[in-house]
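Residue numbering for the sequence shown follows numbering that gives the first Met the number 0, starting at 0 and increasing by one per position.
Here the structure is laid out as structure tokens; the discussion comes afterwards.
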Amino acid sequence: MKYVVTICMAFQLLASGVFAGDSFDAIKERLARDGCHGFEFLSLIESEVFDQVDSADGAAYISSDGKYHIVAGEDIYLYDLISTYSYSESSGQVIVEKADSAAPAGDGLSFVLNLDRYYETSHLVKNQYRLIRTDSSASEYPDSMIVTIDATEMMLNQLEYYDVNEELNLIIILEQEYEGDCDTSR
């Protein structure tokens, strides 16, 4: 009887991991669909050096072909597959650059559409996963991160990673939407 209970518990744990994994797999598949994805988010950057936390509300509109329009606080980033445009309200400065196809400037969120392309996923706890970057050509993306999902809403909940300055970055997804046909005015 003891073995039956142990085996049932093992299957139960395995099944819960499989179903949780299936939720994240389904979310990643949804994010990889052709079309456009919109996100509203809160970005928090914790600097131990300066002993402060910077926060900014943001919105991103990202197409499956790589184009994006991202607003983070007072900064705006636009990528049209040819050039990147960045605007800083505080300085009133617009910068236009020929795009680096590997990762255009301001590309702080668009990689989420291709998580399986860049990362290997392992399950941590319910609705939380560790992603380790496997694509060495994508060195501008975080080398690892912890992703939390909302399995009920079938959406990303939070991304947590350290940037190149070893500052903790939290991106809290407030809303997530999908459009099969992209709104070209955006």
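All residues carry an ideal CB built from backbone N, CA and C; glycine is no exception.
Please go through the same chain and pick out, in chain order, the residues whose beta-carbon is closer than 7 angstroms to the beta-carbon of VAL70, but skip the five residues on each side of it. Sequence-distant Cβ neighbours of VAL70 in its own chain, meaning closer than 7 angstroms and more than five residues away, are GLY57, ALA58.
Just mark VAL48 as buried or exposed, buried being the case when its beta carbon has 16 or more other beta carbons within 10 Å. Classification of VAL48: exposed, given that the 10 Å Cβ count is below 16.
Taking the Cβ atom as the reference point for each residue, do HIS36 and SER62 lie within a distance shorter than 9 angstroms? Yes, the pair counts as a contact, with Cβ atoms nearer than the cut-off.
Taking three-plus beta-carbon pairs below 8 angstroms as touching, is the segment 27 to 35 in contact with the segment 111 to 126? Flag = yes, the segment 27 to 35 and the segment 111 to 126 touch.
Kindly indicate the opening and closing residues of the beta strand (DSSP E) around TYR76. Element bounds for TYR76: 74 to 78.
Roughly how many whole angstroms lie between the Cα atoms of HIS68 and TYR84? Take the alpha-carbon of HIS68 and the one of TYR84: they are about 9 angstroms apart.
Could I get the ranges of all uninterrupted alpha helix (DSSP H) runs contained in the segment 42 to 97, with 4 residues as the minimum, in chain order? Annotation: the segment 42 to 97 contains no complete segment of the alpha helix (DSSP H) (minimum length 4 residues).
Helix, strand or coil at ASN113 according to DSSP, with G and I counted as helix: Reduced to three states, the DSSP call for ASN113 is helix.
Around the C-beta of ILE81, are 16 or more other C-beta atoms found within 10 angstroms, so that it is buried, or is it exposed? With a 10 Å radius around the Cβ and a threshold of 16 neighbouring Cβ atoms, ILE81 comes out exposed.
Which residue wins for smallest C-alpha separation from ASP24, given the options ASP180, LEU167, MET154, GLY179? If we check each option's Cα against that of ASP24, MET154 comes out closest.
Mapping the DSSP letters down to three states, classify GLU39 as helix, strand or coil. GLU39: strand per DSSP, three-state reduction.
Going by DSSP in three states, GLU176 sits in which element: helix, strand or coil? Of the three classes helix, strand and coil, the one that applies to GLU176 here is strand, per DSSP.
Have a look at the DSSP bridge pairing and note the partners of ASP149. For ASP149, the pairing in a beta bridge is given by DSSP as MET154.
Between the CA atoms of ILE75 and GLU96 - distance to the nearest angstrom: GLU96 and ILE75 have their C-alpha atoms roughly 14 angstroms apart.
Within 10 Å of its beta-carbon, does GLN92 have 16 or more other beta-carbons around it, so buried, or fewer, so exposed? With fewer than 16 other Cβ atoms within 10 Å, it is exposed.
How many whole angstroms separate the CB atoms of LEU130 and SER143, which I take to be in contact at a CB cut-off of 8 angstroms? With 8 angstroms as the limit, LEU130 and SER143 qualify as a contact, their Cβ atoms being about 6 angstroms apart.
Just to confirm, is the Cβ distance from ILE145 to GLU159 under 9 angstroms? In this structure, ILE145 places its C-beta atom within 9 angstroms of the C-beta atom of GLU159.
Within-9 angstroms CB hit, ILE69 to chain D: You won't find chain D in this structure, because it holds only one protein chain.
For ASP162, which residues from the same chain have a beta carbon less than 6 angstroms from its beta carbon, with the 5 sequence-adjacent residues on both sides left out? Closer than 6 angstroms at Cβ, skipping near neighbours: ASN168.
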